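Asker: Taken in sequence, the protein lines are chains A and B. Here the numbering used here is used: the first sequence runs in plain steps of one and ends on residue 493. Here the numbering used here is used: the second sequence runs in plain steps of one and ends on residue 1493.
There are 2 protein chains.
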Amino acid sequence: MRDHFEIRDHDAAGRIGRLEVPRADVTVETPALLPVVNPNVLTVEPERLRTEFGAEMLITNSYIIRSTDRIRDRVLSEGLHDFLDFDGAIMTDSGSFQLAEYGDIDVTTAEILEFQRRIGSDVATPVDVPTPPDVDRDRAERELETTERALADAEAAETGEMLVNAPVQGSKYPDLREAAGRHAAGTDLDVFPVGAMVPLMNAYRYADVVEAVMAAKRGLDPDCPVHLFGAGHPMMLALAVAMGCDLFDSAAYALMARDGRYLTVSGTEHLEEMSYFPCSCPVCADHTPADLREGDDDRAERLLAEHNLHVTFEEIRRIKAAIRDGTLLELVDRRARGHPAMLDGYRALLDHADQLEATDPVSKDAFFYTSHEAARRPEVGRHHDRLAWLETPDDLLLTESKPPSSHDHDAVWRVKPPFGPFPRALSETYPLTAEVPERVDAAAQTAAAEGVRRLVEANPETAITLGHDGWAETALDRVPDRVAVDDLRDLGR
Amino acid sequence: MRDHFEIRDHDAAGRIGRLEVPRADVTVETPALLPVVNPNVLTVEPERLRTEFGAEMLITNSYIIRSTDRIRDRVLSEGLHDFLDFDGAIMTDSGSFQLAEYGDIDVTTAEILEFQRRIGSDVATPVDVPTPPDVDRDRAERELETTERALADAEAAETGEMLVNAPVQGSKYPDLREAAGRHAAGTDLDVFPVGAMVPLMNAYRYADVVEAVMAAKRGLDPDCPVHLFGAGHPMMLALAVAMGCDLFDSAAYALMARDGRYLTVSGTEHLEEMSYFPCSCPVCADHTPADLREGDDDRAERLLAEHNLHVTFEEIRRIKAAIRDGTLLELVDRRARGHPAMLDGYRALLDHADQLEATDPVSKDAFFYTSHEAARRPEVGRHHDRLAWLETPDDLLLTESKPPSSHDHDAVWRVKPPFGPFPRALSETYPLTAEVPERVDAAAQTAAAEGVRRLVEANPETAITLGHDGWAETALDRVPDRVAVDDLRDLGR
Ligand SMILES: [Mg+2]
Ligand SMILES: [Mg+2]
Ligand SMILES: [Zn+2]
Ligand SMILES: [Zn+2]
Chain A
1 MRDHFEIRDH
11 DAAGRIGRLE
21 VPRADVTVET
31 PALLPVVNPN
41 VLTVEPERLR
51 TEFGAEMLIT
61 NSYIIRSTDR
71 IRDRVLSEGL
81 HDFLDFDGAI
91 MTDSGSFQLA
101 EYGDIDVTTA
111 EILEFQRRIG
121 SDVATPVDVP
131 TPPDVDRDRA
141 ERELETTERA
151 LADAEAAETG
161 EMLVNAPVQG
171 SKYPDLREAA
181 GRHAAGTDLD
191 VFPVGAMVPL
201 MNAYRYADVV
211 EAVMAAKRGL
221 DPDCPVHLFG
231 AGHPMMLALA
241 VAMGCDLFDS
251 AAYALMARDG
261 RYLTVSGTEH
271 LEEMSYFPCS
281 CPVCADHTPA
291 DLREGDDDRA
301 ERLLAEHNLH
311 VTFEEIRRIK
321 AAIRDGTLLE
331 LVDRRARGHP
341 AMLDGYRALL
351 DHADQLEATD
361 PVSKDAFFYT
371 SHEAARRPEV
381 GRHHDRLAWL
391 ETPDDLLLTE
401 SKPPSSHDHD
411 AVWRVKPPFG
421 PFPRALSETY
431 PLTAEVPERV
441 DAAAQTAAAE
451 GVRRLVEANP
461 ETAITLGHDG
471 WAETALDRVP
481 DRVAVDDLRD
491 LGR
Chain B
1001 MRDHFEIRDH
1011 DAAGRIGRLE
1021 VPRADVTVET
1031 PALLPVVNPN
1041 VLTVEPERLR
1051 TEFGAEMLIT
1061 NSYIIRSTDR
1071 IRDRVLSEGL
1081 HDFLDFDGAI
1091 MTDSGSFQLA
1101 EYGDIDVTTA
1111 EILEFQRRIG
1121 SDVATPVDVP
1131 TPPDVDRDRA
1141 ERELETTERA
1151 LADAEAAETG
1161 EMLVNAPVQG
1171 SKYPDLREAA
1181 GRHAAGTDLD
1191 VFPVGAMVPL
1201 MNAYRYADVV
1211 EAVMAAKRGL
1221 DPDCPVHLFG
1231 AGHPMMLALA
1241 VAMGCDLFDS
1251 AAYALMARDG
1261 RYLTVSGTEH
1271 LEEMSYFPCS
1281 CPVCADHTPA
1291 DLREGDDDRA
1301 ERLLAEHNLH
1311 VTFEEIRRIK
1321 AAIRDGTLLE
1331 LVDRRARGHP
1341 AMLDGYRALL
1351 DHADQLEATD
1361 PVSKDAFFYT
1371 SHEAARRPEV
1381 GRHHDRLAWL
1391 ETPDDLLLTE
1401 SKPPSSHDHD
1411 AVWRVKPPFG
1421 PFPRALSETY
1431 PLTAEVPERV
1441 DAAAQTAAAE
1451 GVRRLVEANP
1461 ETAITLGHDG
1471 WAETALDRVP
1481 DRVAVDDLRD
1491 LGR
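As structure tokens, this is what we get:
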């Protein structure tokens, strides 16, 4: 039991939580975005990050501080919080990224943890090995062993109140990611970054990100706070939260701004090519793209960085609101339309609907059917599972329409795509109060047919008749042969 | 030819245009949102609407001014622009809404147009009859005749430089809407409101809205500026613009605020129930929902109205940016996930893909396949039409995979869902450069199979072989029997 992390609300595998950071004496609400602060270049002052943008935590790199003569002694003497002028929690990275980039760094886990403790870091990081996605299995296993030794070194270190990250690696081998998650959760370390995702995210391989994270989550305990390392683009945050990630870091806001790039929840725009700002943050409410292009480059970079932060924190608030309202998967559904690769990621997420189902609330406001993909949401599978346990009479009519005024059946149950059949007693319960489009699609019909199949198979003695409203062949193919099937359109109702 | 309206950019049936309003001596960029200003209650001062929110035009009600002793003489003597302190263009409504609500009003088209001219309106409205959606056909026809007489009266009136609205009615009878559009376009009036949509929009009947508007558009000329009367919720603006509507009015921003309601691009929230503001407009960047609830009610109402305006104008800018970028239908696709009824509206819109195709640009940046619905976008049908005209050799291999290293066919064409086959020469042209998810769906496969069918039917002499990558049965069913079909998965590629 990790008593520094408390989960308050759930939706799918997403959650709103409270992470206690004892060394900073603050509690951070998650999902949280940690702006990356380069100790050498403060694009936006840390204090403004807190007061204007609402950042409760930030992340900076202890390895860079340790390697930079100009600032090392100052940070050691003043401490990180005074050096950055930031009152919230500060996480520090260890140089693992530099290790991955340059193949070697001149510091051990014991040394860098000691340095992080001395500069006053609130959440420190050992020297793990961020194995890239497409390496062979031998290398992935070998490097994972090195990472696991780094976690052991971290457990052995004197860290006091400082929290310590336990990175989860394993390249793109799901079983290694899961084993790594299980191993990390078994340590007494505190925060769990899923690492080496940046190459996948840079290549828009969101389905691969989903497979890796869902595997790591299967190994981790539900109460482990999870950091999706390197994920800061607002386009993907809802998907990441729906998988159960709690912490994110954004270097993108500043790096993109330096390149004249403007973030949105559906992608990245180039200031050069923009005619309108699709945003009403204080920057975009007061300026046009032409304004920014006309001023000097530093001003444009600073204003773009501010916009990028606004849109990212806005998305974090939107995600929290969605978790509270039970609409997180509907938000993910919207975000999946930002790019075909996001749609791939969403489709991959729904391959793990069972894993989402475990923490999805049993009751919410109305389920909104907003896409073919929604037929695969965890609520649909949960209803199908329930169908196997419901009592049925000897002769049952299932109908998509109103019950006929006279009939010889023992009971009439309603059929509603994408859920399938249900007795009247359940009709006012979640998710059967769902709002669905009048133009029903084959995916919803096929899911409803699957519900019929589950009911039929669990009740071999029950005679079952199905009245459907013009279902597609693919849906009807799923209905067992022993069901008497009528198309209500032929019957003229 | 209506030379006061110039169309600059097209996407689907949406456009960016410039509406010259000579009496105000301004040119309004469309799509434009006209805030509704109640002459008795200025929730947000008109001058702020212009400077802070970017409103170039607003709408107020001449019938209310004429009926209100307290202000009538003042408006007559000062003129509407001074009375409201607004420099942009002002449209005035006529009392038709009051007619619809109360069954009778004490003014004729000639009288109200004369009054509108005297108070200095820039765009005036005759007294049409806003026939509700579900009336019988007789009533719809009868009331349409009355509306057409009102247009004749308006044509006969002395209006000088003032533009005049020609409302298009017809209830929910598409042929009446189309005839009404054709009649209105045949007058010398200037702006074309599609009327009586409010009951449909209030009931979330967006598919019915689409049928009515698309019918009216078939009757109107392409260069008619179209006003979707009563549409101001940001959720539906992208859909409305994609149909070819240019002007919108929002009373919602103020009315909703009075009820404590907060607009978003995917619906309406209640301030009482909100924990986070999913927005970074100046109001939401500076306040939390709790802040607003704690202050006095007038302050909360004013701040909510400001947020509601920000999010609405933001969406207008986003729509314009999407038209410029050729991504309007992708925006509509995202907005369709806000509510199942919006998805119905989007599906209804795609029933009219041919109508959208007429003005959709032939080339854009990459087509993004972002949903099953995207398989029905106009670009797909246009490619299918083109397939009937391409030259084919005697023996043609169509394959979803790379061409085999050796083969006996005369040529090898690529097959790409949702488009279908195409010769190599077209592979770098729009829309065949499309980004599609790796997890292909049956809708994309079925559309590709339709492309195969079109090619086969246009070339009865050509021997055709198809290599597909695990297509669904529904897709394969569409491939003509004479095509030799191989599943590349079985061949092991
Ligand atoms: Mg500890
Ligand atoms: Mg005129
Ligand atoms: Zn902005
Ligand atoms: Zn706002």
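In this text, a Cβ means the ideal position worked out from N, Cα and C, and glycines have one as well. Predicted model only: the values in this text are computed from it and were never measured.
Alpha carbon to alpha carbon, how far is I319(A) from R15(A)? Give it in angstroms, no decimals.
Answerer: Straight-line Cα distance between these residues: approximately 10 angstroms.
Asker: What residue range does the alpha helix (DSSP H) around F1097(B) cover?
Answerer: From DSSP, the alpha helix (DSSP H) with F1097(B) extends over S1096 to Y1102.
Asker: For A152(A), name the three-state secondary structure that DSSP assigns.
Answerer: The answer is helix: DSSP assigns A152(A) an H, G or I state.
Asker: Measure the alpha-carbon distance for Q445(A) versus R1072(B) and round it to whole angstroms.
Answerer: Taking the straight line from one Cα to the other gives about 59 angstroms.
Asker: Rounded to the nearest angstrom, what separates R70(A) and N38(A) at their Cα positions?
Answerer: About 14 angstroms.
Asker: Could you check where the beta strand (DSSP E) with M1091(B) kicks off and where it finishes?
Answerer: It spans A1089 to D1093 - the beta strand (DSSP E) in which M1091(B) sits, taken as one unbroken run.
Asker: So for V1436(B), helix, strand or coil by DSSP?
Answerer: Coil.
Asker: Could you check if H307(A) belongs to the surroundings of ligand 3, using beta carbon to heavy atom distance under 7 angstroms?
Answerer: Yes.
Asker: Should K1320(B) be flagged as near chain A, meaning a C-beta pair shorter than 8 angstroms?
Answerer: Yes - at least one Cβ of chain A is within 8 angstroms of the one on K1320(B).
Asker: Where do the N-terminal and C-terminal ends of the beta strand (DSSP E) with E1006(B) fall, by residue?
Answerer: Run containing E1006(B): F1005 to D1011, per the beta strand (DSSP E) assignment.
Asker: Can you name the residues of chain A whose CB is closer than 8 angstroms to the CB of R1324(B)?
Answerer: Those are S275 and Y276, listed as they occur along chain A.
Asker: From A443(A) to D1441(B), what does the alpha carbon distance come to, in whole angstroms?
Answerer: When rounded, the distance between both Cα atoms is 11 angstroms.
Asker: Let's test the definition: count the other Cβ atoms within 10 Å of the Cβ of D333(A) and tell me whether it reaches 16, buried, or not, exposed.
Answerer: When all chains shown are included, D333(A) counts as buried.
Asker: In terms of residue numbering, what span does the alpha helix (DSSP H) encompassing D497(A) cover?
Answerer: What the structure shows of chain A is the stretch from 1 to 493, and residue 497(A) is not part of that stretch, so it cannot be assessed.
Asker: With a cut-off of 8 angstroms on the beta carbons, I'd call R1454(B) and L1387(B) a contact; round off their distance for me.
Answerer: The Cβ separation is near 5 angstroms, so the contact holds.
Asker: So, is K1402(B) buried or exposed, given that buried needs 16 or more other C-beta atoms within 10 angstroms?
Answerer: Its Cβ having fewer than 16 others within 10 Å, K1402(B) is exposed.
Asker: Is F1277(B) near ligand 4, in the sense that its beta carbon is under 7 angstroms from a heavy atom of that ligand?
Answerer: Yes, the Cβ of F1277(B) comes within 7 angstroms of a heavy atom of ligand 4.
Asker: Excluding the five sequence neighbours on either side, which residues of its own chain have a C-beta within less than 6 angstroms of the C-beta of D138(A), listed in chain order?
Answerer: Cβ within range, chain order: n/a, list empty.
Asker: Consider the C-beta atom of C281(A) and the heavy atoms of ligand 3; say whether any pair is separated by less than 7 angstroms.
Answerer: The answer is yes for C281(A).
Asker: Run the proximity test for V265(A): is its beta-carbon closer than 7 angstroms to any non-hydrogen atom belonging to ligand 3?
Answerer: No, the beta carbon of V265(A) sits no closer than 7 angstroms to any heavy atom of ligand 3.
Asker: Can you tell which of Y1430(B), T1147(B), R1302(B) and H1372(B) has its C-alpha closest to the C-alpha of K1364(B)?
Answerer: Nearest option by C-alpha distance: Y1430(B).
Asker: Which residues in chain B sit within 8 angstroms of R48(A), going by Cβ to Cβ distance?
Answerer: The premise fails here: R48(A) is roughly 12 angstroms from chain B at the closest Cβ pair, so nothing lies under 8 angstroms.
Asker: Any residues in the segment 433-467 of chain A with a beta carbon nearer than 9 angstroms to a beta carbon of chain B? Which ones, in chain order?
Answerer: Listed by position, the residues of the segment 433-467 of chain A near chain B (Cβ gap below 9 angstroms) are A434, E435, V436, P437, E438, R439, D441, A442 and A443.
Asker: Report yes or no: do the segment 351-362 of chain A and the segment 1288-1300 of chain B share at least 3 C-beta pairs separated by less than 8 angstroms?
Answerer: Judged by Cβ distances under 8 angstroms, the segment 351-362 of chain A makes no contact with the segment 1288-1300 of chain B, as fewer than three pairs qualify.
Asker: Can you name, in chain order, every residue of its own chain whose Cβ lies under 8 angstroms from the Cβ of F1368(B), other than the five neighbours on each side?
Answerer: Only T1327, E1330, A1374, A1434 and E1435 meet the Cβ criterion.
Asker: Examine ligand 4 and report whether any of its heavy atoms sits within less than 7 angstroms of the Cβ of C1494(B).
Answerer: Nothing about residue 1494(B) can be reported from this structure: the residues present for chain B run from 1001 to 1493 only.
Asker: For L200(A), count the other beta carbons within 10 Å of its own beta carbon; 16 or more makes it buried, fewer makes it exposed. Which is it?
Answerer: Buried, by the Cβ-count rule.
Asker: Does any CB atom of chain A fall closer than 8 angstroms to the CB of C1279(B)?
Answerer: Chain A contact via Cβ: present.
Asker: Whose Cβ in chain A lies nearer than 7 angstroms to the Cβ of P1340(B)?
Answerer: Neighbours of P1340(B) on chain A, chain order: F368, Y369, T370, E435, V436 and P437.
Asker: Closest to Y262(A) by C-alpha separation, out of A238(A), R293(A) and T392(A), would be which residue?
Answerer: Nearest option by C-alpha distance: R293(A).
Asker: Taking 7 angstroms as the cut-off, is the beta-carbon of V1044(B) closer than that to any non-hydrogen atom of ligand 4?
Answerer: No, ligand 4 has no heavy atom inside 7 angstroms of this Cβ.
Asker: Would you mind reading off the limits of the beta strand (DSSP E) that contains M274(A)?
Answerer: Premise fails: M274(A) is in no beta strand (DSSP E) and is neither H nor E.
Asker: For H310(A), which three-state DSSP category applies?
Answerer: Of the three classes helix, strand and coil, the one that applies to H310(A) here is helix, per DSSP.
Asker: Which residues of the segment 1473-1484 of chain B have a Cβ closer than 9 angstroms to any Cβ of chain A? Give them in chain order.
Answerer: Taking 9 angstroms as the Cβ-Cβ cut-off against chain A, the residues of the segment 1473-1484 of chain B that qualify are E1473, T1474 and D1477.
Asker: Keeping to the same chain, check which residues put their C-beta closer than 8 angstroms to that of D410(A); ignore five residues upstream and five downstream.
Answerer: Hits under 8 angstroms: P393, D394, D395 and L396.
Asker: Apply the 10 Å Cβ neighbour rule to P31(A) and answer buried if 16 or more other Cβ atoms are within range, or exposed otherwise.
Answerer: Looking at its Cβ environment, which holds 16 or more other Cβ atoms inside 10 Å, P31(A) is buried.
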